[in-house]
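Step one of this worksheet: look at the structure below.
2 protein chains.
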Amino acid sequence: MHVLIVHCHPEPHSFNAALKDVAVETLQRLGHTVEVSDLYAEGFEPAEGPQHYAQRSDPRTFSALTEQRYNSEIATLPADVQREIARLERADLVVFQFPLWWHAQPAMLKGWMDRVFVYGGLYTGKRRYDCGHFRGRRAICSVTTGGPAATFGHNGRGGDIELLLWPMNYSLYYMGYDVLPPFLAHGIQGGGPIYQAQDTFKAQLETYKADWAQRLENLEEDTPIPFTGWSDWDERGVLKPGVEGYDYFIRARR
Amino acid sequence: MHVLIVHCHPEPHSFNAALKDVAVETLQRLGHTVEVSDLYAEGFEPAEGPQHYAQRSDPRTFSALTEQRYNSEIATLPADVQREIARLERADLVVFQFPLWWHAQPAMLKGWMDRVFVYGGLYTGKRRYDCGHFRGRRAICSVTTGGPAATFGHNGRGGDIELLLWPMNYSLYYMGYDVLPPFLAHGIQGGGPIYQAQDTFKAQLETYKADWAQRLENLEEDTPIPFTGWSDWDERGVLKPGVEGYDYFIRARR
């Protein structure tokens with residue numbers, strides 16, 4: 001198996017970076033090949049916009065979808081986007097490593113999605129969801145949060161983590177991926193332990209690293225998050241009667 | 001009333017820009033003062049990271065929270081962040097105008113949140129949610145989507161729009177805002193009408209503009225999205241027995 005790790009954290013000595021290293025070491029030890037997109041280290045530009053397109057289908061008015069499709073067709077996508085797409089095309093599994101900032105992925109990773117998941121090249125109106133470009137491949141998010149685990153439960157103050165990650169996971173499903181349930185490391189704050197004593201915190205970090213390695217060793221046993229698909233929708237794009245809704249996986253856990 | 005419009009679209013002639021103009025004109029006509037943060041036009045840098053902090057609490061290891069707090073305290077926050085905070089401090093109402101990209105706000109706007117909502121200065125562990133810095137003020141998202149309205153219903157293929165906007169709206173509530181239900185303009189694609197004939201599409205755009213103006217004229221009648229607050233949570237940050245959960249507003253609509 002070939003694995004791409006999309007790593008998004010500005011600090012090379014962060015716990016996110018440590019989890020990324022655990023993934024690289026574990027996957028290589030299992031005999032897989034691993035490639036890393038280190039978005040901050042590589043200086044990825046997150047803002048989609050006209051500055052990335054020397055060739056324009058419409059030179060007057062910029063539309064991201066129009067220029068993504070046009071530049072896909074004539075093979076003039078931005079060099080960094082071409083590089084990321086080539087990495088995705090090689091990967092049987094994509095691991096996203098990032099901290100939860102403002103109830104979502106950091107802007108850097110959001111911009112990677114805005115720019116790399118190009119219309120025309122990687123999806124069209126018909127080529128998405130369970131007919132998506134990357135169908136048959138898997139993706140998983142490994143996420144750190146800044147609060148105690150209980151606050152990210154379905155009744156927690158921090159917000160139900162399943163609900164917070166839904167837009168990101170649904171985007172991955174949109175691209176065709178089988179999306180595995182996320183790996184979560186709670187209570188991580190770069191400035192030091194907030195909710196625990198120093199010793200407990202250090203032990204907790206080691207436990208998380210071991211848990212992540214174990215999770216990666218047993219990934220074959222994971223069941224992807226269930227999503228509805230084309231056979232569940234009518235011609236208006238609405239669920240047929242009797243079919244479970246999008247939030248099935250959330251409700252199923254309660 | 002003084003209003004800040006945080007506008008996020010790369011194209012000055014986009015429909016998002018037209019909706020932003022409608023908001024400016026309508027609010028001024030009503031006698032309010034209006035200020036616009038035009039994130040693309042002003043070249044806002046969305047990626048939070050060490051490059052923004054000349055002064056460092058910890059010069060060795062970068063933590064966003066640590067440096068946000070430290071630079072808040074010694075009044076050395078980045079100039080663009082100081083400008084945006086000053087704009088927020090002046091505003092009784094904040095309007096966010098953006099297209100839905102990958103089931104969320106564009107990276108540019110996500111980065112505005114990552115960088116401008118600074119720890120220490122604008123929130124702390126105790127100063128958030130219904131004790132947040134901007135309590136008593138209002139915020140509203142005006143969002144364009146690229147698909148038909150039906151596909152963004154609770155049973156729609158595009159994903160329940162209430163669920164997709166939850167992380168953004170919950171972040172605004174985290175800062176203390178009363179968050180009004182979003183204004184939605186569906187089926188907008190910059191490249192031209194996809195789902196409708198040209199004539200129908202143009203008429204639809206005019207209808208959306210009129211609807212947005214009318215919504216802004218009657219904003220006083222809007223009921224904010226209900227969120228749980230400090231009195232609903234126990235000391236672990238979990239809802240007390242019998243209290244409705246975070247997804248109350250979603251479930252209430254079904």
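Line order of the protein sequences matches chains Y and W.
1 is the number of the first residue of the first sequence in full-length UniProt numbering; add one for each residue after it.
1 is the number of the first residue of the second sequence in full-length UniProt numbering; add one for each residue after it.
Glycine included, C-beta positions come from ideal geometry on N, C-alpha and C.
The C-beta of tryptophan 212/Y has 16 or more other C-beta atoms within 10 Å across all chains shown, which makes the residue buried. Distance from the Cα of tyrosine 177/Y is smallest, within the candidate group Trp166/Y, Ser37/Y, Leu93/Y, for Leu93/Y. The closest CA to that of aspartate 222/W, considering only Gly125/W, Thr228/W, Gln214/W, is found on Gln214/W. Tryptophan 102/W belongs to the set of residues whose beta carbon lies under 9 Å from a beta carbon in chain Y.
DSSP places phenylalanine 96/Y inside the beta strand (DSSP E), whose first and last residues are 93 to 99. Within 10 angstroms of the beta-carbon of isoleucine 74/Y lie fewer than 16 other beta-carbons, which makes it exposed. Across the set Gly153/W, Cys131/W, Arg157/W, the C-alpha of Cys131/W shows the shortest separation from the C-alpha of phenylalanine 227/W. Approximately 4 Å separates the beta-carbon atoms of glycine 49/Y and proline 10/W; this is inside 8 Å, confirming the contact. Taking C-beta atoms as the reference points, arginine 157/W and tryptophan 233/Y count as a pair closer than 9 Å.
Around the beta carbon of histidine 186/Y, a 10 Å sphere encloses 16 or more other beta carbons of the protein chains shown; the residue is thus reported as buried. For valine 238/Y, the secondary structure class from DSSP, reduced to helix, strand or coil, is strand.
Using a 10 angstroms sphere on the CB of serine 171/Y, the tally of other CB atoms reaches 16 or more, which defines it as buried.
As summarised for the region 161 to 243 of chain Y, the continuous alpha helix (DSSP H) elements at least 4 residues long and confined to that stretch are 161 to 164, 166 to 174, 198 to 217, given in chain order. The beta-carbon of valine 36/W is placed no less than 9 Å from the nearest beta-carbon of chain Y. Assignment of aspartate 58/W by DSSP, reduced to helix, strand and coil, places it in the coil class.
At a cut-off of 9 Å between beta carbons, lysine 202/Y makes no contact with chain W.
The alpha helix (DSSP H) runs of length 4 or more contained entirely in the region 101 to 148 of chain Y are, from start to end of the chain, 107 to 116.
For glutamine 198/W, no Cβ of chain Y is located within less than 9 Å of the residue's own Cβ.
Residue environment analysis places arginine 236/Y among the exposed positions, since fewer than 16 neighbouring C-beta atoms fall within 10 angstroms of its C-beta. Taking 9 Å as the cut-off, the Cβ atoms of valine 143/W and proline 99/W count as close. Taking a Cβ-Cβ threshold of 8 Å, the residues of chain W close to phenylalanine 117/Y are Trp102, in chain order. Histidine 103/W and proline 167/Y do touch by the CB rule: their CB atoms are close to 4 Å apart, below 8 Å. Approximately 4 Å separates the beta-carbon atoms of serine 72/W and glycine 120/W; this is inside 8 Å, confirming the contact. Contact between the region 108 to 116 of chain W and the region 74 to 84 of chain W is present: three or more C-beta pairs spanning the two stretches fall below 8 Å.
A distance below 7 Å between beta-carbons, with the five flanking residues on each side excluded, links glycine 229/Y to the following residues of its chain, in chain order: Tyr129, Asp130. Fewer than three beta-carbon pairs drawn from the region 190 to 208 of chain W and the region 133 to 142 of chain Y are found closer than 8 Å, and the two stretches are therefore not classed as touching. Annotation: serine 63/W is outside any alpha helix (DSSP H) and is labelled neither H nor E by DSSP. Annotated three-state conformation of isoleucine 85/W is helix, per DSSP. Looking from the CA of proline 182/W, the closest CA among Leu27/W, Gln68/W, Thr145/W belongs to Thr145/W. Residue pairing of glycine 158/W in beta bridges, as defined by DSSP: absent, with no partner found.
Neighbours of glutamate 48/Y in chain W, taken as residues whose beta carbon is under 9 Å from its own, are Pro10, Trp101, Pro106, Ala107, Met108 in chain order.
Interface flag for leucine 163/Y against chain W is set, since a Cβ pair is found closer than 9 Å. Of all residues in the region 179 to 191 of chain W, the ones placed with a Cβ closer than 7 Å to any Cβ belonging to chain Y are Gln189, Gly190, Gly191, in chain order.
When Cβ-Cβ separations below 9 Å define contact, threonine 223/Y makes no contact with chain W. The Cβ atoms of glycine 190/W and alanine 64/Y lie closer than 9 Å to each other. For alanine 150/Y, the residues of chain W that pass the 7 Å Cβ criterion are Arg236, Gly237, Val238, in the order they occur in the chain.
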